[in-house]
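Here the structure is laid out as structure tokens; the discussion comes afterwards.
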Amino acid sequence: MLLLMNTTVTEIFMKTYDYQGSVIKEDNKIASIAYVQCVCGCLASRVSSNSDKYKCSWCKRTYTLRSVK
Numbered sequence: 394m395l396l397l398m399n400t401t402v403t404e405i406f407m408k409t410y411d412y413q414g415s416v417i418k419e420d421n422k423i424a425s426i427a428y429v430q431c432v433c434g435c436l437a438s439r440v441s442s443n444s445d446k447y448k449c450s451w452c453k454r455t456y457t458l459r460s461v462k
């Protein structure tokens, strides 16, 4: 039996990457986030261009980014 996991997780402290694959530093407020680090080790990519949702193509987990207030 195959169990498909579609988990939505909101995390505050995740590694974020730009379109070139470089890690975005915490103090950088200008760079556009293209990928986030998934718990499986892969990079989750943005679902659509104007979205704050990211999905891992390998394990299918989804992430929603929130800004820290």
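Quick note, the sequence shown lines up with residues 394 to 462 if you use my numbering.
Even glycine gets a Cβ: it sits at the ideal position worked out from N, Cα and C.
Source: prediction; values computed, not measured.
Item                                                                                                      : Value
Pairwise C-alpha distance: cysteine 452 and valine 440                                                    : 15 angstroms
Three CB pairs or more closer than 8 angstroms across the segment 409-416 and the segment 424-439         : yes
Cutoff 6 angstroms; reference valine 429; Cβ partners in own chain excluding five residues on either side : Met407, Thr409, Ala437, Tyr447 and Tyr456
Leucine 458 - DSSP class collapsed to helix/strand/coil                                                   : coil
Residue span of the beta strand (DSSP E) that contains lysine 453, given as start and end                 : Where lysine 453 is concerned, there is no enclosing beta strand (DSSP E), given that its DSSP letter is neither H nor E.
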